[in-house]
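Peer 1:
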Amino acid sequence: MYFTIIIWLVSVGVIRSPSLAQSSNAATTDMVWSADYTFLATTQLDGKVIIRNTSGEIVKTLTSKNELYTVSWSPDGKFLATGGNSADINIWDVSQEKIVQTIQAFSEGVYVLAWQPTAELLLASGFDTFRAWNTTTWEPATDSLSVTLTDMKWDHDGTKFAFSGGTVGLATIQSGKVTVTPFDRSIVTTANLSIDWSSNDTQIITSGGSEGTVHLWDATTGKQIKVLLQTDATIQNATFTNSTDTIVSAVSDKGTLYTIDLNTKQIQQTDYPGTNLLSVAWNPVEDLLALGGTSQKDSVITANSTKILSGSGVFEIIPLSQK
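Residues in the sequence shown are numbered consecutively from 332, following the numbering used here.
Below, the structure is given as structure tokens:
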């Protein structure tokens with residue numbers, strides 16, 4: 332398996348070519364920027380969490396014994412939550428570079444984590460399981476629910492979270508009770524693989540997976556506004572990539588980055604032959620776009636299945652050009 336992580340400079344839909352910076356010998360499975368956007372954390376199949384600055388330099392390496400699939404920062408940037416093929420969620424003290432809390436979660440592994448911006452709850456989903464934990468006591472904050480979620484994102488003030496999977500919608504947690512508001516069920520025909528909020532929390536985008544689409548939703552009504560992209564590829568991930576929420580970036584299993592201008596309706600296509608792009612993450616402070624994927628030589632099983640990824644690979648990171 333070949334995995335790349337690429338960082339680009341985004342300027343109104345124009346992507347400038349980067350140069351190769353460095354490589355590693357383990358496949359990367361997830362990546363997320365810290366809340367202040369100064370660091371990028373990535374998880375690897377060899378059990379490592381690599382933390383890089385915005386220039387792509389490695390500043391810390393955290394090491395565990397199990398394959399890692401997902402990572403989430405605490406709002407203050409002091410802690411990381413990781414999950415993978417074991418039943419446990421590990422909480423890391425970043426400065427001490429060690430695990431300070433272990434939560435017994437799901438027997439089939441942990442696929443998705445989302446730390447609440449108010450630092451009260453940590454959401455987790457595995458195969459056919461969802462639960463939230465209190466981040467002070469690390470006791471369960473909800474019952475275990477039978478559902479497989481492919482992605483979860485809190486809104487910016489942490490009052491509700493959006494989720495994707497076989498259903499797309501919003502949920503709140505009050506006094507241990509999860510209240511779900513599903514979006515228009517007639518629109519979701521296949522498992523949506525990712526979800527992202529607009530900067531003002533009024534709109535949501537989802538990547539339609541094998542349906543080959545990117546959907547734009549009204550977060551208040553739960554109605555679809557429009558289909559932003561329709562392709563014959565599997566759309567793995569999508570995110571808003573400018574401050575006015577008029578540019579969306581999406582990636583596919585055929586190694587294509589789509590840059591969608593919602594105003595002009597123009598779509599720019601950037602192809603990376605032989606790759607399967609799995610993730611995309613935007614840094615609004617530095618205007619950086621991080622991409623991740625694998626080579627198409629090996630099969631990839633996405634987060635809505637019982638396994639995430641297998642095999643070893645190469646990790647690459649390309650720094651941004653100067654503005």
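Idealized CB from N, CA, C, for every residue including glycine.
Helix, strand or coil for W528, going by three-state DSSP, please let me know.
Peer 2: strand
Peer 1: Within 10 angstroms of its Cβ, does G507 collect 16 or more other Cβ (buried), or is it exposed?
Peer 2: exposed
Peer 1: Decide if the stretch 361 to 372 is in contact with the stretch 615 to 625; the criterion is three or more beta carbon pairs, one per stretch, under 8 Å apart.
Peer 2: yes
Peer 1: On the three-state DSSP scale, how would you describe S495?
Peer 2: Judged by DSSP in its simplified three-state form, S495 adopts strand.
Peer 1: Among all the DSSP beta bridges, which residues are the ones paired with I420?
Peer 2: G414, I434
Peer 1: What residue range does the beta strand (DSSP E) around T500 cover?
Peer 2: Here residue 500 is Gly; the residue named in the question, Thr, does not match the sequence. Start and end: 500 to 505.
Peer 1: Given that a residue counts as buried once 16 or more other Cβ atoms are within 10 Å of its Cβ, and exposed if not, what is I389?
Peer 2: Counting the other Cβ atoms within 10 Å of the Cβ of I389 gives fewer than 16, which makes it exposed.
Peer 1: Going by other Cβ atoms of all chains shown within 10 Å of its Cβ, with 16 needed for buried, is E428 buried or exposed?
Peer 2: exposed
Peer 1: Would you tell me roughly how many angstroms separate the C-alpha atoms of N594 and T577, rounded to the nearest one?
Peer 2: 6 Å
Peer 1: Distance check for L619 and I382, CA to CA, integer angstroms please.
Peer 2: Looking at the backbone, the Cα of I382 and that of L619 are separated by about 16 Å.
Peer 1: Specify the secondary structure class of P513 as computed by DSSP and reduced to three states.
Peer 2: Three-state DSSP puts P513 in a strand.
Peer 1: Verify whether the separation of the beta carbon atoms of P615 and Y368 is less than 8 Å.
Peer 2: yes
Peer 1: What first and last residue would you give for the beta strand (DSSP E) that runs through A612?
Peer 2: Membership of A612 in the beta strand (DSSP E) is indicated by the continuous run 606 to 614.
Peer 1: My understanding is that V545 touches A581, with C-beta atoms under 8 Å, so please give their C-beta distance in whole angstroms.
Peer 2: That belief holds up - the Cβ atoms of V545 and A581 are roughly 5 Å apart, short of 8 Å.
Peer 1: Out of N568, N531, F458, T466, state which residue places its alpha-carbon closest to the alpha-carbon of S541.
Peer 2: N568
Peer 1: Of the choices I536, N421, W485, L454, whose alpha-carbon is the least far from that of P309?
Peer 2: Any property of residue 309 remains undetermined from this structure, which presents the chain solely from 332 to 654.
Peer 1: Based on the DSSP output, what are the partners of W364 in its beta bridges?
Peer 2: L371
Peer 1: From the DSSP output, in three-state form, read off N384 for me.
Peer 2: strand
Peer 1: I'd like the ranges of any beta strand (DSSP E) spanning at least 3 consecutive residues and lying wholly in the stretch 432 to 485.
Peer 2: 443 to 446, 452 to 457, 460 to 465, 480 to 485
Peer 1: Which residues does DSSP list as the beta-bridge partners of H546?
Peer 2: H546 is bridged to T537, V558.
Peer 1: Using CA atoms only, rank isn't needed, just tell me which of I420, G500, T433, V519 is closest to T510.
Peer 2: Checking every option, the nearest Cα to that of T510 belongs to G500.
Peer 1: Give the single residue among E451, L452, I422, S417 whose Cα lies nearest to the Cα of Y442.
Peer 2: S417
Peer 1: For W446 and W404, I'd like the C-alpha separation in whole angstroms.
Peer 2: 7 Å
Peer 1: Check whether the Cβ atoms of W548 and I535 lie closer than 8 Å to each other.
Peer 2: yes
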